[in-house]
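Novice:
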């Protein structure tokens, strides 16, 4: 009897010890590809993974949930006036900065005004014309100059910094203090080598699931995944290329996580140059490309086929009635080109303009990106039977950017015929159609194809200023329909995000739709 | 001497001007790199404001004068990418690079000279043929490939050495353990660098020695009954050293420019990799600073070589 008791006791003790030990993973090593400098709001380096790592140290008033919908975070409630211009937020009580000082509405006011005063490439623009009032320590009232249906995304995007520390900063752009309210505090930086983050045990949303995050910088992609296989790291912010998936899936010690990605891959037409200035020509090109085959061949199926309206089918803004591209048979396409007056007059297999110039164009793509180069080659192959030649030219990424988008200023025009291009995830998250399609280059800041459609301009302005989400959705449906008809560029596909991790080190990763596993909710209970 | 000094100053000025001009002649702007991928989110005003902030909206001559004025004051400027003074960024990386390239240079010179001398001495033998073909083979192997093979075999498969970095980030080691950790991280990169640079020294030593060993005074030395070792190292090698010193001094000058490829493959935090990134990211101030550092060290090595030659070979004295 006594022996049984002893065994039972030891067993219970063992289980207890086991659970207390596994409740929090002690340490994981998550490789990042490049420096994030001092990891403050003004010094973090990359949009991905930089901003997501920044948000492990800092918090915003809201946070996007795993479907990408903003939910209250530092704020416990968010109310919007019926005209959409007044946003009233009640802050969560008893939140403290990493140095123990209480977090109040004064910090919010200070931070927002800081971004308004000292230009930040990401945080300043959306806060233009916003005034901040703080009736008491837990209430923030934001007044917008015009209603914005996606202002909640801004609230989830903008990190709050402590007033008592940052008001002493002489130059915020180089200030290096990283006291935040976030789930992790930054405890060590060795330049160009690694970062160390330690869990903030007093975090308001509960103790983070991993005690320490080591972020070693591994610049080389091959070295990153070799290190993962050898067990020298536990995860990487880099995404796995499709060719490696089978090899990693076969290993019992490695888990592959994948899901839709919001980065887009596009075929740009210069809408200001013949023949691509003619939507009929663009539709013919669009009709002879096999998008499913592109995804199968180039990405081994790890991508979503592009929607002609640009918006990703996983986005809440997607127009589900849109359907895919209108496929054309070769004879149809050839007949259509004949009718438009592009004929092969000298019998060399290449059509000519009426003035005798051949239909031969440069298709730019950046070197060092095999997926895009292969895509360009397959597209060139697809249009060849039409008597149109696309000469694929792969150039240094910056040279391509300079020809497509000189000095990142759409008003400076463009110097290309065709290019393979892509926009990062935030363009999709915000559904920034106004930037993409507006004909006024000061508004259409990323309209790098030079597309102009006055009817659409009106809709684009309206969707940006409507007070309601439903109204915006309706307008966006209409916009996607027009874009799918006009095809100012072709959205070819959206590559999936594929990650490899070692589950033995940590297995609590959560996939944020379109954005991946590197974000706050992978470490904080939701 | 004054002529020589003047020529050095002229070269330095020319290099400074080129260092300023060349990066700006490349297509592309550094804008994306002070902003990151979020450049698509920028408004047009922000674009212009950022360009103005970094004086990139000014005419080139104005930027050039500003750069010279900063330089005179000993200010290398601010790195766009690192958001830190260029000098601080360079000094952070310099010790790692010197450790890596310095060790490799010493090893490759020592082994290269010894093997080169031995091969020349045994000219035409099986040993010579074997060593010669080995070194030619080494010469033909690209360093990234050697590095990747080493990683695959010694780091990933056998697990003897770490795969990346210059130290273990999470270990917080001290004393001997810290040194050992650094040494372990150093082995594969140094080995890669040594093996892929060794053949230059070897081939130069071998051919110089072949020339010297045919001289009359060597025969005289041998006929005096001196030991082969003495003939080889006291008589022949000393006189055959001049081209070897040249190769060594050239390598010495480029010590600080690092070993970009090896540093990349092993994620080693050195200057070569930094420079490469600065070029990719159009980080003008960092490029200028790094190139200036390289220019200066090449010039200094040159000067040393000039001074050293007359010691090594009195015939050069004027």
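Protein chains in written order, with the numbering used here: chain A, 792 to 1317; chain B, 78 to 395. The C-beta atom is built at its ideal place from N, Cα and C for all residues, glycine as well. Nothing here was measured: the structure is a model prediction, and the numbers come from that model.
#1: Comparing alpha-carbon positions, which option in 1240(A), 1212(A), 993(A), 935(A) lies nearest residue 1205(A)?
#2: Mind checking if residue 974(A) is an interface residue toward chain B, Cβ cutoff 7 Å exclusive?
#3: In angstroms with no decimal places, state the Cα-to-Cα distance between residue 870(A) and residue 860(A).
#4: Please report the residue range of the alpha helix (DSSP H) in which residue 895(A) lies.
#5: Does the distance from the C-beta atom of residue 1047(A) to that of residue 819(A) stay below 7 Å?
#6: Excluding five sequence neighbours on each side, which residues of the same chain lie with their C-beta closer than 8 Å to the C-beta of residue 808(A)?
#7: With 7 Å as the limit, tell me which residues of the stretch 923–954 of chain A have their beta carbon closer than that to any beta carbon of chain B; keep them in chain order.
#8: Put residue 1116(A) into one of helix, strand or coil per three-state DSSP.
#9: Just checking my contact of residue 299(B) with residue 196(B) at CB under 8 Å: how many whole Å lie between their CB atoms?
#10: Run down chain A in chain order and give the residues with a C-beta less than 7 Å from the C-beta of residue 105(B).
#11: Return the CA-CA distance between residue 81(B) and residue 372(B), expressed in angstroms with no decimal places.
#12: Going along the chain, which unbroken runs of the beta strand (DSSP E) with 3 or more residues stay wholly within the stretch 931–1019 of chain A?
#13: In three-state terms, what does DSSP make of residue 816(A)?
#14: Return the residues of the stretch 978–990 of chain A that lie within a Cβ-Cβ distance of less than 9 Å from chain B, sorted by chain order.
#15: Please check if any C-beta of chain A sits within less than 7 Å of the C-beta of residue 27(B).
#16: Please determine, among 1243(A), 968(A), 940(A), 1037(A), the residue with the shortest C-alpha to C-alpha distance to residue 1279(A).
#17: Buried or exposed: which applies to residue 1145(A), given that a residue is buried once 16 or more other Cβ atoms fall within 10 Å of its Cβ?
#18: For the candidate residues 981(A), 1270(A), 1106(A), whose alpha-carbon lies nearest to that of residue 1052(A)?
#19: List the residues of chain B that residue 1029(A) touches, going by C-beta distances under 9 Å, in chain order.
#20: Can you list the residues of chain A that residue 220(B) reaches, using a CB-CB cut of under 8 Å?
#21: Find the residues of chain B that neighbour residue 1225(A), judging by a C-beta separation of less than 7 Å, and give them in chain order.
#22: Less than 8 Å between the CB atoms is what I'm expecting for residue 946(A) and residue 848(A), so what's the real figure, rounded?
#23: Expressed to the nearest angstrom, what Euclidean distance is found between the alpha-carbon atoms of residue 973(A) and residue 854(A)?
#24: Check the Cβ-Cβ distances between residue 150(B) and every residue of chain A, and say whether any is below 7 Å.
#25: Please report the straight-line C-alpha distance between residue 323(B) and residue 201(B), rounded to a whole angstrom.
#26: Going by Cα to Cα distance, which pick from 345(B), 169(B), 241(B), 253(B) is closest to residue 1023(A)?
#27: Can you look up residue 1211(A) in the DSSP assignment and give me helix, strand or coil?
#28: Keeping to the same chain, check which residues put their C-beta closer than 8 Å to that of residue 385(B); ignore five residues upstream and five downstream.
#29: On a CA-only basis, which of 1158(A), 1066(A), 1162(A) is nearest residue 1134(A)? Give me that one, please.
#30: Can you check whether the C-beta of residue 1293(A) is within less than 7 Å of a C-beta belonging to chain B?
#31: The alpha helix (DSSP H) that contains residue 1039(A), what's its start and end?
#32: Is the shortest distance between the beta-carbon of residue 1011(A) and the beta-carbons of chain B less than 7 Å?
#33: Show which residues of chain B have a CB atom less than 8 Å away from the CB atom of residue 1014(A).
#34: How far does the beta strand (DSSP E) with residue 878(A) in it extend, from its first residue to its last?
#35: Examine chain B for any beta-carbon lying closer than 7 Å to the beta-carbon of residue 1213(A), and answer yes or no.
#36: How would you label residue 812(A), buried or exposed, when you count the other beta carbons within 10 angstroms and need 16 or more for buried?
Specialist: Once the coordinates are examined:
#1: 1240(A)
#2: no
#3: 15 Å
#4: First-last for residue 895(A): undefined, no H or E at that position.
#5: no
#6: Low confidence applies to residue 808(A): its pLDDT is 45, below 50, so where it sits in the model is not reliable enough to give any reading.
#7: none
#8: coil
#9: About 19 Å; that fails the 8 Å criterion.
#10: 1189, 1190, 1192, 1193
#11: 17 Å
#12: 975–981, 985–990, 1001–1007
#13: strand
#14: 979, 981, 982, 983, 984, 985, 986, 987
#15: Any answer about residue 27(B) is impossible in this case: the structure gives chain B only from 78 up to 395.
#16: 1243(A)
#17: exposed
#18: 1106(A)
#19: Result: empty, since nearest Cβ-Cβ is about 13 Å, beyond 9 Å.
#20: Within chain A, no residue comes near residue 220(B); the closest Cβ sits about 13 Å away, beyond 8 Å.
#21: The premise fails here: residue 1225(A) is roughly 12 Å from chain B at the closest Cβ pair, so nothing lies under 7 Å.
#22: Actually they are not in contact, since the Cβ atoms of residue 946(A) and residue 848(A) sit about 18 Å apart, beyond 8 Å.
#23: 12 Å
#24: no
#25: 26 Å
#26: 241(B)
#27: strand
#28: 322, 326
#29: 1066(A)
#30: no
#31: 1033–1040
#32: yes
#33: 228, 240, 241, 342, 343, 344
#34: 877–882
#35: no
#36: For residue 812(A), the predicted structure reports a pLDDT of 42, less than 50, and the residue's modelled location is therefore unreliable. A value from the coordinates is still provided. Residue 812(A) should be labelled exposed.
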